[in-house]
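Visitor: When you read off a place in the sequence shown, starting at 1, and then add 1, the result is the number in my numbering.
Backbone N, C-alpha and C fix where the C-beta goes; we use that ideal spot for every residue, glycine too.
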Amino acid sequence: MKKIITYGTFDLFHKGHYNILKRAKEHGDYLIVGVTGENYDIGRGKLNVYDSLATRIENVQKTGFADEIIVEEYLGQKISDIIKYDIDTFVIGDDWKGKFDHLSRYCDMVYLERTKGISSTKIRNETFNQYDIGIIFDYPYDNDLIKEAKMVNGFEVKNIFCEDEKILDAFKVKYDVENTFDTYDSMIEASDIIFVRCAIKDRVKYIRQALTAGKHVIYDSPATFNSDELKELFALAKENNVILMENIKMVHIYVFDQLLWMTQAGLIGDILSFNCSISKNDSNRSNLFYELSTSSLLPMLKIMGFDYEKADIQVNKDGEEIEFASMNFVYAKGRAIINVGDKIRVDNQLEIIGTKGTIRMKADWWRCKSFELHTPGSNDVQLFNTNFEGNGFKYLIKAMSTMLDNKRITKKSITEEELIKITEILEHVNETSM
Ligand code: C2G
2 MKKIITYGTF DLFHKGHYNI LKRAKEHGDY LIVGVTGENY DIGRGKLNVY
52 DSLATRIENV QKTGFADEII VEEYLGQKIS DIIKYDIDTF VIGDDWKGKF
102 DHLSRYCDMV YLERTKGISS TKIRNETFNQ YDIGIIFDYP YDNDLIKEAK
152 MVNGFEVKNI FCEDEKILDA FKVKYDVENT FDTYDSMIEA SDIIFVRCAI
202 KDRVKYIRQA LTAGKHVIYD SPATFNSDEL KELFALAKEN NVILMENIKM
252 VHIYVFDQLL WMTQAGLIGD ILSFNCSISK NDSNRSNLFY ELSTSSLLPM
302 LKIMGFDYEK ADIQVNKDGE EIEFASMNFV YAKGRAIINV GDKIRVDNQL
352 EIIGTKGTIR MKADWWRCKS FELHTPGSND VQLFNTNFEG NGFKYLIKAM
402 STMLDNKRIT KKSITEEELI KITEILEHVN ETSM
């Protein structure tokens, strides 16, 4: 019996998929089809898959060509499958020509001609809503968000505006964005989503203007140092039935959920200590201190809770700007220490000590690529990780896309209470530094 294997996402099943399965089957007696799993697609940056895994499997099954369907869950699984299922021939479309030649040491390789004029991408572009993003900024760097946003179905940064014409022109040349605008109002009008990236003092004004015009907003967090102003923005978003989304990427990356699971479900016991340090040196950005603080305070509040008994904050300033702060929170049963350096360098790390285990994240821990779990009495260190390229902004856009599909404007990943509490702590930091 000659065994054939082929793989694919088979999203929005079409004639091209049907043809390749039919021809793959003709190459042998028994056809195994590998359908990509959701985690695998997320890992390889394919965030535009529309159909669920169950639907995609069902569509392959309906053709009647597959004798067996398996799920492709990780990079390198193709070699394991060829060995495990004792495959004679690997078949794939010629859009992959040359990419799988290394498999010819395990079985025969056949690249079949693709069906012309049809693809999942084409169907997606014709079928789905398009969301044009407009960015308002005051410095000429995009932090890769233009590239990342494009990876999600229907999203694209098309519009830009900056009060300073020179910065606007530099940005346009550098990132080749389609439209620039003379006024913020005209950019709002032309966009579905506004991304506010500017100094904190201007954020509320720009966010308010976009929300009032009925546009969804993404903003660099914190929006303000005034918790009443933040509450007003939340109310305004609700009134206009639009999404107000903070640019905090970690909560959209699944390793962060694993971290929460470990700590909130009690898997490392009672938490005794939450200790994190963060610093970045980027002379192009003002107020970086507050963004770094937000990234640290959010996991603290999620893991340790809101009910600390005492907050002791020590601040060092360089002129008007905070260059370092050490925030010490005393909880009934534990303690949290957060060290944030803007200009003053500290080693980036996050450590959570529980009665039954310790979690450690190193280097750029706020990117949430991995963490280690150390268990007392065991020399084994368990590693939890996710592989993705880039800075994670695509996952935030994907979360926004899901909210838009579901017509939901509230989210569970970050709550209003958490954001208000963070703003109150930052208010306290500012008072301490006066
Ligand atoms: N295909 C085709 N003609 C088209 C479109 C797709 O012959 N017009 C083929 C592809 O060449 C591939 C199969 O249909 O062999 C599945 O295509 P996709 O769903 O686009 O799969 P892809 O994401 O390319 O995944 O591990 C995953 C695989 O490597 C391929």
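(1) Does DSSP put LEU351 in a helix, a strand or coil?
(2) If we ignore side chains and look at the alpha-carbon of each, how far apart do GLY155 and LYS250 end up?
(3) If I'm right that TYR255 touches THR387 with Cβ under 8 Å, what's the distance once you round it to whole angstroms?
(4) Note down the Cα distance separating THR376 from GLN210, rounded to an integer number of angstroms.
(5) Measuring alpha carbon to alpha carbon, tell me which residue in HIS217, ALA224, ILE194 and GLU190 is nearest LYS206.
(6) Look at the Cβ atom of ASP89, then the Cβ atom of ILE5, and state whether they are nearer than 8 Å.
(7) Is TYR19 near the ligand C2G - that is, is its Cβ less than 7 Å away from at least one heavy atom of it?
(8) Could you name the residues of the same chain whose beta carbon sits closer than 8 Å to that of LYS399, not counting the 5 residues immediately before and after it, in chain order?
(9) Are SER371 and VAL341 touching if we call contact CB-CB under 8 Å?
(10) Could you check the C-alpha separation between LYS440 and THR181 for me, to the nearest Å?
(11) Which partner residues does GLU73 have in the DSSP bridge list?
(12) Kindly indicate the opening and closing residues of the beta strand (DSSP E) around HIS429.
(13) Is ILE58 helix, strand or coil by DSSP?
(14) For the segment 316 to 334 against the segment 348 to 359, are there 3 or more C-beta pairs whose distance is under 8 Å?
(15) Strictly by DSSP, which residues pair up with TYR185?
(16) Output the distance between the C-alpha atoms of GLU114 and SER120, rounded to the nearest integer angstrom.
(17) May I have the straight-line CA-CA distance separating CYS277 from LYS357, to the nearest angstrom?
(18) Are VAL316 and SER434 touching if we call contact CB-CB under 8 Å?
(19) Quick check: the Cα distance between MET362 and TYR31, rounded to an integer number of angstroms?
(20) Taking the alpha-carbon positions, what's the PHE138 to CYS199 distance?
(21) Within its chain, find whatever has a CB closer than 7 Å to the CB of ASN285; leave out the 5 residues flanking it on each side and keep chain order.
(22) If you run the structure through DSSP and keep just helix, strand and coil, what is ASP313?
(23) For the alpha helix (DSSP H) containing THR359, name the first residue and the last one.
(24) With the cut-off set at 8 Å, would you say ASP1 and VAL243 are in Cβ contact?
(25) Under a Cβ-count criterion, where at least 16 other Cβ atoms within 10 Å of its own Cβ denotes burial, should LYS159 be classed as buried or exposed?
(26) Are the beta-carbon atoms of GLY17 and THR116 separated by less than 8 Å?
(27) Measuring alpha carbon to alpha carbon, tell me which residue in VAL50, ARG336 and GLY393 is nearest ASN126.
(28) Report yes if the C-beta of GLY9 is less than 7 Å from at least one heavy atom of the ligand C2G; otherwise report no.
(29) Spatial neighbours of CYS108 within its chain, please: C-beta separation below 7 Å, excluding the five flanking residues on both sides.
(30) Looking at LYS161: is its Cβ nearer than 8 Å to the Cβ of VAL174?
(31) Please name the residue in ASN60, LYS303, GLY335 and PHE290 whose C-alpha comes closest to that of GLU321.
(32) Tell me which residues share the same chain as GLU417 and place their Cβ nearer than 7 Å to its Cβ, disregarding the 5 neighbours each side in the sequence.
(33) From the DSSP output, which residues share a beta bridge with GLN383?
(34) If you run the structure through DSSP and keep just helix, strand and coil, what is TYR19?
(35) Using only alpha-carbon positions, find the residue among SER379, GLU164 and PHE385 that is nearest to ASP258.
(36) For GLU322, which of helix, strand or coil comes out of DSSP?
Guide: Reading it off the structure:
(1) strand
(2) 20 Å
(3) 6 Å
(4) 51 Å
(5) ALA224
(6) yes
(7) no
(8) LEU48, VAL153 and HIS253
(9) no
(10) Residue 440 lies beyond the range of the chain shown here (2 to 435); nothing can be said about it.
(11) THR37
(12) That residue, HIS429, is in no beta strand (DSSP E); its alpha helix (DSSP H) goes 417 to 433.
(13) helix
(14) no
(15) Answer is none; TYR185 lacks a bridge partner.
(16) 13 Å
(17) 19 Å
(18) yes
(19) 46 Å
(20) 5 Å
(21) TYR140 and TYR142
(22) strand
(23) First-last for THR359: 358 to 363, but that is the beta strand (DSSP E), not the alpha helix (DSSP H).
(24) Residue coverage of the chain in this structure runs from 2 to 435, which leaves residue 1 outside it and unanswerable.
(25) buried
(26) yes
(27) VAL50
(28) yes
(29) ILE83, ILE88, ASP89, THR90 and PHE91
(30) The residue you asked about is not Lys; residue 161 is Ile in the sequence shown. Their beta carbons are not under 8 Å apart, which means ILE161 does not touch VAL174 by this criterion.
(31) PHE290
(32) PHE235
(33) LEU374
(34) helix
(35) PHE385
(36) strand
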